[in-house]
Structure formats: structure tokens, C-alpha cells
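Residue numbers (the UniProt record's numbering), protein chains in the order written: chain A, 1 to 385; chain B, 1 to 385; chain C, 1 to 385; chain D, 1 to 385.
All residues carry an ideal CB built from backbone N, CA and C; glycine is no exception.
Protein chains: 4
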Amino acid sequence: MSNAGDGTIGVGMVGHAFMGRVHTHAWRTVHHFFDVPLTPRLAVLGGRDLGRTKAAAAKLGWDAVETDWRALIARDDVQIVDICTPGDSHKEIALAALAAGKHVLCEKPLANTVAEAEEMAAAAESASANGQRSMVAFNYRRVPALVLARQLVAEGRLGKIRHVRAQYLQDWLSDANAPMTWRLRKESAGSGALGDIGAHIVDATQFLLGELLTGVSAVTDTFVHKRPIEGDPDGRLDDVTVDDAALFLGRFPSGALAVYEATRFALGRKNSMRVEVNGELGSLAFDFESMNELSFYDGTDEEQTAGFRRILVTEPTHPYVGAWWPPGHLIGYEHTFTHEVYDFLTDIHNGTDPVPGFTDGLRVQKVLAAVAASAGDHSAWVSVT
Amino acid sequence: MSNAGDGTIGVGMVGHAFMGRVHTHAWRTVHHFFDVPLTPRLAVLGGRDLGRTKAAAAKLGWDAVETDWRALIARDDVQIVDICTPGDSHKEIALAALAAGKHVLCEKPLANTVAEAEEMAAAAESASANGQRSMVAFNYRRVPALVLARQLVAEGRLGKIRHVRAQYLQDWLSDANAPMTWRLRKESAGSGALGDIGAHIVDATQFLLGELLTGVSAVTDTFVHKRPIEGDPDGRLDDVTVDDAALFLGRFPSGALAVYEATRFALGRKNSMRVEVNGELGSLAFDFESMNELSFYDGTDEEQTAGFRRILVTEPTHPYVGAWWPPGHLIGYEHTFTHEVYDFLTDIHNGTDPVPGFTDGLRVQKVLAAVAASAGDHSAWVSVT
Amino acid sequence: MSNAGDGTIGVGMVGHAFMGRVHTHAWRTVHHFFDVPLTPRLAVLGGRDLGRTKAAAAKLGWDAVETDWRALIARDDVQIVDICTPGDSHKEIALAALAAGKHVLCEKPLANTVAEAEEMAAAAESASANGQRSMVAFNYRRVPALVLARQLVAEGRLGKIRHVRAQYLQDWLSDANAPMTWRLRKESAGSGALGDIGAHIVDATQFLLGELLTGVSAVTDTFVHKRPIEGDPDGRLDDVTVDDAALFLGRFPSGALAVYEATRFALGRKNSMRVEVNGELGSLAFDFESMNELSFYDGTDEEQTAGFRRILVTEPTHPYVGAWWPPGHLIGYEHTFTHEVYDFLTDIHNGTDPVPGFTDGLRVQKVLAAVAASAGDHSAWVSVT
Amino acid sequence: MSNAGDGTIGVGMVGHAFMGRVHTHAWRTVHHFFDVPLTPRLAVLGGRDLGRTKAAAAKLGWDAVETDWRALIARDDVQIVDICTPGDSHKEIALAALAAGKHVLCEKPLANTVAEAEEMAAAAESASANGQRSMVAFNYRRVPALVLARQLVAEGRLGKIRHVRAQYLQDWLSDANAPMTWRLRKESAGSGALGDIGAHIVDATQFLLGELLTGVSAVTDTFVHKRPIEGDPDGRLDDVTVDDAALFLGRFPSGALAVYEATRFALGRKNSMRVEVNGELGSLAFDFESMNELSFYDGTDEEQTAGFRRILVTEPTHPYVGAWWPPGHLIGYEHTFTHEVYDFLTDIHNGTDPVPGFTDGLRVQKVLAAVAASAGDHSAWVSVT
């Protein structure tokens, strides 16, 4: 079932906006740089509007289009369903794809509610027994610098972890006149900064530590309550129904304290996903605006020459980057997705479950729900169960 | 009362450890660089142990010593009492000095409890009517880069403030075998990281915004509960009775959200007091490990060339630094105290109340108390009243 | 002649090592992100060894292979010849391709000698009249940050230029046991660090200033004279016959002074191509290890807030990057080649001569020759004519 | 002779401008932080104008004044003569002071010509036999980060050195209307950027490597030939008779290649004295605008985590800084002078010759002369003999 028997595997992708563009690039590129057991075929692109979907398929390089995602799933030339739609349709599409025996790659956050995510995780688990693979697209797990960071933590190079501080700072909503989008509507996006970018730092820190948050205390707020409807001739405004910023404190089972901040109002910070971890033996710092670098303080260095090392994570021995260019030649944002589909194709071939799977997506969803609950209850501590 | 009539003014300083050393340098240096109306005389140094106090006075350059701080206060050659002792003695000394008609400079935090701080603030206010000046030594208000930052906020260059993120990160307790000190005992220090370094970022951010925090949600923790008694022949351990780390969320009346973290367990961060502020029109970032620099993002710059500016705050027109060296020649930690006593001497001469006064110290104390209360109540929101 | 009449254009590429890999990615990717008037077809890959060339074609995605570059040039399905071989074969291939009526993209340096480069430039000029386009692949001219830098200089934002300092620092030869390669042999490479990476900073600075160097004074040296032959069972060594490092001073007609350094022995610097320019009104700084950033000092800013701005060159209005991802999402090394072929295809369609053309390549070659001449004459000044 | 017998030693300082102010601070401060065998007394300040010298003495804290430097030298209460005048008077004052049996601290550059410097070095050598100590004030040798750098080189942590790149960049002359000063007149200053700031990077790199430059190839230029006379009512201009910028290449006996650039026209660089050294085993980088930091790349680190370490040179075990504040508390520009007089006083007491002595000053002078000679001979190589 997993492939066409000729070493290729057909992909059907639903959605062709920002995420669709970057996923397409990954499917199109992966086998030219990595040794994949299965070469992806860009079989079908799904979109609601026929004209726009055809135009997108032509530009992006997809062989066919479907305007009904159910038809896309049903096609024989599709073995992988790649879900690049807003969060409100993730569950329905994923469950249908799994029911149809397909592998599923789903954009994050996995869903808009814990209940949806639970259904999806359960379905994925059942399908796994049937040889189907499911993955949630937390692409920051495939940033070479963060994979190296995880290796250092796992090897004990940081010792016992005491502190985690994570921020995801953007500024594209800082202007109060920036237009309304589906990302600002609770029905479509589930939440605001929390699910859009907060989900990334929750997942990334749980990945780095290899632990799950046990509880949180949170504050959320909405700074701009009404925004212009793009292109509206009468200049009407629409209601923002999600958080503009989410701040929370958390704890890990090992005793580490954590602090998180997600906002799209940090003027001047374009895509600053930052993580810093302090352990008893070492510390790490990362900023996605310098994504090819990892800062590492090795507490076992002699005092005279100890200092944060700016590791340029572009050596052939670093995770993933040997497939690209010589040392010092940077990679960019899209490469994280190419790494992701490389691992996904390998898992499909090997019959191993991808990480992060839907269960990991569910775990993040539970944290988001706890954050919302605490913010709604005067910041009182809420356990993540 | 305020001076000896000859253009000088006598200082009596209680305590001669770290803070005593840096205050002494300021008193000894200020008039050589700044135009002060009153030249400080290093009249009397107070300390409990006669031998050690005499040795310190000789090294630091004080004319006389007293082992009883009450005797120090009573001396005619002392017009300013400078309190450099642990927090548990601040109130008693300050009240006595004010009662004796002296001006008072007191190290931070102002006191170990809100009740003490209230008494001190009330006494300072009464004394002010009598021409006596009181100041609390939040020296970060005299870092030129932070004064410039405050000016930019006050001028509206950042517009409405949305976010404040402040961290004070040190690592001298990261080693679980670092010895016990008075700073780890609740009776002497009041609290741990919270009062020692958290107080600085609370005061600095309230200074930067010109607003007071309205409430907080907090988590505190102690990582190492017992530490070796320095020099103990039997290797005995003593109990740490304060927080090792304090994390809290807060709100300002203008609607800005704030997040704070104070710890002495951030391995590799030696004295990283960081503040970042995002407003509707601009953003600022500062790190005390690069204390001569301020990062400023001006949102009104054209998009093509907008970016965080690394301002080297060493130009003659920048606050305080014209008194020192040419552009690009850095100043260090101790200069902030020289600026502090410069302003204090000027206030004494002008009959104006110093900022930050004891009331500002009380305001910080109230935030610290609210943090402790929230941390003790499952992080539930606590208003600062 | 310029295309197949169906909106596509056939590419034949000679060479499939490092440069071949990155050029291929550009040809394969450009039309998916940019609006190109001609879509490249990966028609033929040329290489000397049939087996290895077939394997490379399969991996990289080329339709056919040729082991004789003359056969590749002769094919009807090839309209563009892309030369990715060492410098010693550039002239012969380029002249043959131009004689066959093809467009030519040639890797840098254009040739191994001035005489070769002159022949090539003359041939390209003649061919231009025939509608054929020629370009030399100085890809740093397509780094968005450097294009922005050029714009700022051209707009007069820096005023009269006084200083240029350029370094290209790598470290892959720092280990004296790193193996011999064709890049260390004068017959194949022409020169060492000088032509390999020095050529880039000469071209980039001439591009930034819009001026040509008038003369140079130089020092070159070889640190390691013999290196192991890779895979030699007897551990034999081969002679390094090129420079390991080239340093030179230069002058521009406008009066600017320049300093250059090219080395592959700067341990820890992986691919640090740095340029700094100081003008009467502003300054710029760039480092390819942070290739998405440009530092700009605007001397017309008020003194209080002037400072080098870290411009993240990822805004939609910045050169090229609007075609990629949202603000703050970095691009990498290979994107510069995609930008290059985008411009090349546009020029082919428009009938305009690409920049940098072979004449620009010749100009760089003359500087390299002057550097070698000065280094061979006790650093005496040598004019570039 | 070396002291007053009471543990103090009298200082007579000639000149009270920028250098006089910073030297005064060092004499006034050193014994309060360092254990010096001799406590300096600020005995006499020398200056040409009685009124201004008296005012300076009062402000800076000197006990007496002299308007004739010969009278100052002759005084019994002066054991150390500190020369803070422009270079044209260094020789005369130093020779007279040595003849009078005094110790001499002389600002850099040692003199305005090699001939003068040779006379001074010879006189200092003779005087040394008589127990008199002479030192030239290359204060960058007392920056803790550079002392640490020297230690790493001396310990072999960098292995064989291949590259040195040094820049001293300021911008105070970038404005063509900045007024004329003695620093721009050949008679008083000897040379321009070359002697003023180029001398510092020549000395600092010779110090770091423990080697002397063997030859140079140079270019110098003057960008602005006439400048306004400050305060002239008729707006007259005066002739600039020195270099505005000096660039040169050099070689060290060990085979290292070096490149230098000194300019006061690098807009935006306020006091950027930068040195980078690449060796076979490690690399170092330093910028005086971040003077508390040293970047160190240890080539023996495992590849995975190798990177330039940002060493905050503020640990108690780092050179000099244990005398100041706790880790992470920065020191500033003036501290380098305090370190300098600390070492000078120690040498006087111990009867050891200070480093850098007048011979070191002479060595720098010879390099400056070679640079000027090469620049005047079409950049032809000039040996330093």
C-alpha cells in the first residue's frame, strides 16, 4: 500500500497557501539531496476554487487538481495526504485519509481543540497497526541547530535542566491597521498567537528536554479588537476573536522551570523563535532569525576560556546539513520541511512511526488548552493531564 | 545642616563589603568628573569588627571608623548616612539616621518586608519637609543606555507599549556546592533571587515605562536546599531558606504585558540583566553584559533600511557620559554609582527629592510581596496595591 | 533561437560537482518561485565519466548525458550552455558554445589568465550582436543584502566612499594534512585563494561601488607546500602550486582606499565573506555567515539614536526575497544561484546583456593578474589597466 | 630614590588634557583596588598656562602646579615623571627627567621620529642601570581580554600563527568640517592616524605574537586637506599635514601574514580597535568596542560543538579583573591605565624593567617609519630593521 511499486509514492496535498508552497518545495526537492527510499510524485493538489487551484498547480508543479478533498483522498495515485489547511478542517480530512488507508502529514497545530486532537491521535494509532504513518509538521524539530541541541541535552551535556525560556516573537500584527485574516478568527484558527506560534515553542521545548510540561500559569490578551476587512469597499471592520499574545509559566517533571511568550506584536522581531536552556553542566541558546547557529556554553570548560560558543551548524557531521553545501554555506527556512519529508518517507518505508506523531500533537494541544484555561481563571495554575 | 559650610559634605558609610567598595569609589571619584555643588568627604566607615573595619578604611580611604552604627550616625562630621548592609538592618539604621537629621542613601531592596518599607517611606517623607534627602540605590537607573531608553519612551518614540520582557540572569549558585551566604537566608536577605536581582528588573521596568505594575502571577522555586558552610571544619551544611529563582507575569495600567525572570542558576550568564520593550512605534533591547549599548528599532524608519540599531551610548550628548571619555571609550559597572551620588549630591544642594526615593523602594517591595503571595497561592493573580 | 517555442528553454550543463549541484537546483527551482518568461528544461548533463555522469543525472534530474562537451553543445535541445568546470577549460567550452550560437553561463573566475578572459569577452561581445547572452556566475551579486547595499550606495546614502575592507575567510586548508585537490594546482585553477575566493570580493566591491580598482599592492604566500594525494596507497604527497593566501591594498578612482584578504587558513571562519564600506554619510557591513543581514549606519540619523542597524533583509520589498517566504524566514546559499538564473532567463527573453557579463569577468581577471604581479615584485604598486 | 621612605611615591605629571585626565584617575585609584608596594602621591601637575593648570589641578586633585616642566622635574617631591604631552616634546622631557634621576612614564607614540626614539631608548637603558624605570603607555597591553589573548598564544593554544588582521577605526574626522587640532599637524603629532591609533595596533599585535614585524608595504592618504581653525572669527582654514588613513601589509618572522588599517574616517565606528589572529590550532578575535569580551575558537574542540566562544573576561581568575567586581560586571576604558600604573609601581619597587619599555616604543616607531617610507615609494616593500 505504501508505494506504487516503482520506487515512487504519490502525494496529494490539500491547501496551496504559504504552507502549501513550502511543502511542495520539500516534496519536489528531497530526493535530489537525500537518499530517500521512495521518490515523491506531486500527484494531486487540492483547493476549493478550481481556477486558483489550477494556477497554483501549474506554478508549483502538481500533476492534477481536485476541488473536493474527499475526491483527492479517494484517488489511487495518492498514497500520502498532506494537510495544509487551517486548523478547523484538520480533523475531518485526517480521519478520512486514515480511513482510506493513506499516510498523513498534517500541519500544526494538530487541531483546534483537545477533543479533536484526541480523536486524531486515536485514529492514527489504529492506522499505525495497519502500516499507515502519521506525522504532525512541527518543522522546528528539523532545524539542524535544534536537533544538535536535543542531542547535547540527551547526551547529558547540560546535566540536570533548571531553566527553559522560550519566545516566539513576530510583528506582523503590530500595526493596528493590518487586515483581518482567518488566523484571527477563533472558528478557523482555534486560537491566536497561542496556537499559531506558541504551539511551536511548546513542542520545541518538550522535544529539547524529552519531557512534557506538567502545568502552566498564563496570561493572554488581545490588543486590537477590530481589524479592516481586506479589500472591503466600505472599509468595514471585523472582530478579532483570538489572543494577540500569550504568556505562560510552566514546570517540567524534572524540576525545570519554564517561561513562554508568543506574540505577533513585538515590533522589529520578524520571526524570532528563541529558546534558551540552562542546565547544571551547560546552557544552550537559539534564535531562528540566525537559524544556522547554536550557542552552547560548556560548563566543563576551564574557567579562563569558557564562554558561549557560536556554533555554525553547517559542518558535514551536523544533522541533515551534510546533504547540502560545504561548511559555512547557510540553509534557509524551507530546508526544515525538506528534512521533515525526508524523515517521513524513510519512516513510511521502514514501517516506523514518525516523530512527532499525532500523539505529540495532542500533547501540545493539551498545553494550549491548559494555557487558555489558566488565562481564563486569573492565571491560577492548571495541570496538563 | 546639609553641609559643613566649606563646600564639602561628610559621608558615613555602614558596611564595607561589595556594595561598600563600590559606593566608596563613587564618593571618592564623583567630584573629579562631575560639577558637584558639594564635595564628599569620606568621614567615617562603620563595621562590626574593629580590625576588619580599620583595614577596610585604610584600603578604601576613609578618615575614621566606628563599630557602632549609632555612634556613626551621631557624629557631627557625618551629614550623609550611606547604608550598605544586608536588608534586615536597613529600617533600623535609616530611621535612626533620619531621626538624627541626616540624609540617607540606602542600598536596595529598601527593606525585607512591605511593613518595614512603609515605615521607611513615611519617615523619609517627614524628613523631606525638614530638608533631608533620601534615596534608594537602584543603580541601574543610572546606566546611560537605560536613561536614554527612558527618554525614548517618555518622548513617545515607542508609542503605546505592548510588551516588556525582563530577565536578570546570573550563575554563581549554579554549582550546588557553592557555599552558604547571608543572601540565602530569609532572615537577613528577605528573599533570594527575587529581592537580590528581581528587585532591579522590577524597578528598572517601572522606571522605563513610567508606570507601576498592577498585578502579578508567579512561580518561585529553590533548586538547592542545603549548602556547605564556608570554612566549616566538619563540612556541615546549612539550610537555604529563600527562592533560587522567581518567574512572574505582570500587567501595567496602560495595557502592556510583562514577563520577569530572576535566577542565579543560568549557567554561563554572568550578569545578564536584560530588558526588552515593544511598543506600537518602536522597540528597545538592553543587556547589562553589554552595558554601553542600547538596541533601538524605530518603526518609523523606511522598511528597506529598518533594523535594530546598536547604539553605542558613549557620545558626549548621551546621559552622564560626556563627563567621562571620548566616543567609543566604554565605562563600567561602578560608573552607575558615581552617577547616582552625583545626582544625590545635586538634590541635597538643590533641596529636591531624589529619584528613586524611599517611596519608589516601597513600590518595588510591594511587587516582591505580591510575587511571593502568588507563588504561595498556586500562581493565582495577586494585585499590587 | 533562444527557446524551443513552447515557453521552455533547454539547458546543457558541463560539470556536476559542487557548482553543478547548486546550478541544477537553481534551474529546477526558479520557475516555481519567480515569474520567468522561459522555463528551463534540464536537458543534458555533461561529464567525463559515463557512469558517474549518469548517476549524477539521475540524482540531480537531468534528462540526458554526454561525455563529450562538444557533443553537448551541438545538441538541438540545448540553448543554454552552463559551464561548471575548473577554470582551465572555461575558455575552450565558452568559445565553442558561443560559436554554436548558444547562450553561456560560466562559473567564476571567468578564466585562468587575462589573455583567455580577453578572448572570451571579445567573443561574448560579438555573440551579443547575434542575440546570444553571456554571464559570469559571481553569485554574491544576487545576495539580497548585497543588492540592497548596492542600492544604498547608488542612491548616495553613503555619500563619497572613503574605505572598503573586504575579507573572504575560510578554513578548509588550515589542516596541513587536508588532501590535495585541483584547486591547489596552478594548471587547473590558475591561482589559489586569489582566484577561488579573492575573485568574489574583488567583483563584489567593484559592484558595490560601481567603480573599478585602479591599482594594487599585494602579498601572497603558500603556507603548506605539499599535501597528501587522496586515497594514494603509498601516502605520496603532491605539490601545491598556488597561493594559500592573498592580501592586497587598492584604490578606486573616486579616492576610496581598499584592503582585501583572501585565505582558506582562517581557522574557525567557515565561509566568512565580509565587506565593510565607509562613506562620508553612511557605512555598511556584511558577513556571508549571516547572509540575510545587512548592517547600515546612517550618518544622518540624530546623534542620540544613531547606530549600526541590523537589517534583516527578508521583507517583501527587499530584492528577490518577496518571491520566497514571509519576513524573518531566512534563505540560504543556493538561493543566490536561483536569483542568478532568474535574471539570466529574463535577459535572454528581453534581449538585454546580463550583468555581470564576460567583460566584468575580464575586469576581475585583470585585478587578479595585477595582484600576482605586485606580489612578485616586492609589493610594488601595479596599475590595473 | 624610588620612594619617599614612607611607602608613598610622588608623581609629577606634564599635561592635563585627555591623557592627563585618565592618568590622574589611575594614580588616584590604583592603591584602593590593587596591593601596590608604593602609594602614589599626586604631587605636581605641569601645564603651560598657570590659570588653566591650577583649575585642572583643583579638579583632578593634584597638590601643586608648575608651568615649567623643568621645574617640575627638579622638585624633590617628584619621583615619577608622567609625560602626557603631544609627541614633539616627549624626547626633551623624558631625557631631562631621566637625567634628573626620575622614573618616567611616557605616552605613546614614544616620539615623532625614529631618531628621537633611539635617543630615548638609549637613555632609558642607561638609567635602568641606575635603578630608574621607564615605560611607554601602550595601555591596550593592559586590557584583560588582550592579556588573556597573549597568554593563549604564549601557551601555544593557537599553534603556529598564519594570519593577523588589525584595524583601528574611529570616525571623529569623517565630517570634513571637524576643526583642526594639533593631532593633524606633522610638527606636533609626527603623523596622523598612523601614529595616533596605528601605533596601538602595531604594538598590540607585536605583543600578542611575541614577535616583531620584519617589513611592510603601505598606502596612506589624506582625505581632507584643509580644516577650520576652531573659534576663528574669520572662518579661516588650516592645512592638515598628516595622513588621514594608513593601510599596510606586513610579515612576522614566524611566517604569519598581517594586515593593518588605521583611520579616523570609518563612519559609525567610534573606537573600534579590532584584532583577529588565526593559528593552526586556534583563532582569536577582539573589538575594543566590546572590550570585556574575547572571542576564541579552539580548533581542538570536537567538530560538533566547535565555535567561537564569547569569553566574558570578568572572572576572578582573569588578568587584573579579580581586583574589581564580581563576574559579569564590566570595567571600562580607564581601568587599562590603572592596570598600567599598578604594574609600573610594582616594577619600580621590584627593580624590574617595565614592559613595554622605551625599546618597545622604539620598535613601534621603526614600523611607523617603514610604513611612511613604503607609502612614499609606491608601496614597495620596506624592511623594518
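Is residue i close to chain B, meaning its C-beta is less than 8 angstroms from at least one C-beta of that chain?
i, result
"Thr263(A)", "yes"
"Trp62(D)", "no"
"Trp381(A)", "yes"
"Leu312(C)", "yes"
"Phe18(D)", "yes"
Since residue i meets chain B, which of its residues come closer than 9 angstroms, beta carbon to beta carbon?
i, result
"Ile331(C)", "Those within 9 angstroms of Ile331(C) in chain B number zero; the least Cβ separation is about 17 angstroms."
So, are the CB atoms of residue i and residue j less than 8 angstroms apart?
i, j, result
"Pro40(C)", "Thr346(C)", "no"
"Gly357(C)", "Pro109(C)", "no"
"Phe308(B)", "Gly20(A)", "no"
"Ala193(C)", "Phe286(C)", "no"
"Arg236(A)", "Ala178(A)", "no"
"Phe248(A)", "Ala199(A)", "no"
"Ala246(D)", "Thr220(D)", "yes"
"Thr300(B)", "Ile311(C)", "no"
"Leu45(B)", "Thr67(B)", "no"
"Gly12(A)", "Asp82(A)", "yes"
Give a yes or no on whether 8 angstroms exceeds the smallest Cβ distance from residue i to chain A.
i, result
"His200(B)", "no"
"Val371(B)", "no"
"Gly41(D)", "Going by the sequence as given, residue 41(D) is Arg instead of Gly. Answer no: the Cβ-Cβ gap between Arg41(D) and chain A never drops below 8 angstroms."
"Leu247(B)", "yes"
"Leu152(B)", "no"
Under 8 angstroms Cβ-Cβ, which residues of chain C neighbour residue i?
i, result
"Lys91(A)", "In chain order: nothing, as chain C lies at least about 26 angstroms away."
"Met291(A)", "Leu330"
Is there a C-beta anywhere in chain C that falls below 8 angstroms from the one on residue i?
i, result
"Asn3(B)", "Low local confidence applies: a pLDDT of 49 at Asn3(B) is under 50, so the model's placement there is unreliable, and no value is given."
"Ala145(B)", "no"
List, in order along the chain, the chain D residues whose C-beta lies closer than 7 angstroms to that of residue i?
i, result
"Asn278(C)", "Phe265, Ala266 and Leu267"
In chain A, which residues lie with their C-beta within 9 angstroms of the C-beta of residue i?
i, result
"Phe296(C)", "Residues of chain A passing the Cβ test: none, with the nearest at roughly 15 angstroms."
"His23(C)", "Correct list: empty, because the minimum Cβ distance to chain A is about 12 angstroms."
Identify the contact partners of residue i in chain D, using a Cβ-Cβ distance below 9 angstroms as the criterion.
i, result
"Gly282(C)", "Leu267 and Gly268"
"Ser272(B)", "Gly328"
Residue i versus chain C: which residues are under 9 angstroms apart at the beta carbon?
i, result
"Gln170(A)", "Pro326, Pro327 and Gly328"
Counting only beta-carbon atoms, is residue i nearer than 8 angstroms to chain D?
i, result
"His32(B)", "yes"
"residue 400(C)", "Here chain C has residues from 1 to 385 only, and residue 400(C) is not among them."
If the cut is a Cβ gap below 8 angstroms, which residues of chain A does residue i touch?
i, result
"Val259(B)", "Leu247, Val259 and Glu261"
For residue i, which residues in chain B fall below 8 angstroms Cβ to Cβ?
i, result
"Gly322(C)", "Per Cβ cutoff of 8 angstroms: no residues; Gly322(C) is ~12 angstroms from chain B at best."
**Item:** Touching by the beta-carbon criterion (3+ pairs, under 8 angstroms), the segment 322 to 330 of chain C and the segment 325 to 344 of chain A
**Value:** Taking a cut-off of 8 angstroms on C-beta distances, the segment 322 to 330 of chain C touches the segment 325 to 344 of chain A, as three or more cross pairs fall below it.
*Within the segment 307 to 363 of chain C, ranges of the beta strand (DSSP E) (whole runs, at least 3 residues)*: With a minimum length of 3 residues, the continuous beta strand (DSSP E) runs that stay inside the segment 307 to 363 of chain C are 308 to 312.
Practice item. Write down every uninterrupted run of the beta strand (DSSP E) in the segment 237 to 322 of chain C whose length is 3 residues or greater and which is fully enclosed by it, in chain order. Key: Counting whole runs of 3 or more residues, the segment 237 to 322 of chain C contains the beta strand (DSSP E) stretches 237 to 239, 245 to 251, 257 to 263, 272 to 279, 282 to 287, 293 to 298 and 308 to 312.
Do the segment 347 to 354 of chain C and the segment 126 to 138 of chain C touch if we need at least three Cβ pairs shorter than 8 angstroms?
-> A contact between stretches requires three or more CB pairs, one per stretch, nearer than 8 angstroms, and the segment 347 to 354 of chain C meets this requirement with the segment 126 to 138 of chain C.
Taking contact to mean at least 3 C-beta pairs separated by less than 8 angstroms, is the segment 84 to 99 of chain B in contact with the segment 116 to 135 of chain B? Pairwise C-beta distances place the segment 84 to 99 of chain B in contact with the segment 116 to 135 of chain B, as three or more of them are shorter than 8 angstroms.
### Query
Between the segment 202 to 209 of chain D and the segment 156 to 170 of chain D, do at least 3 Cβ pairs fall closer than 8 angstroms?
In this structure the segment 202 to 209 of chain D lies against the segment 156 to 170 of chain D, because at least three pairs of beta carbons, one per stretch, are closer than 8 angstroms.
Any beta strand (DSSP E) of 3 or more consecutive residues that is wholly inside the segment 176 to 235 of chain B = 215 to 221 and 226 to 228, all fully within the segment 176 to 235 of chain B.
Beta strand (DSSP E) segments (min. 3 residues) lying fully within the segment 22 to 47 of chain B: DSSP assignment within the segment 22 to 47 of chain B yields the following whole beta strand (DSSP E) runs of 3 residues or more, N-terminal first: 39 to 46.
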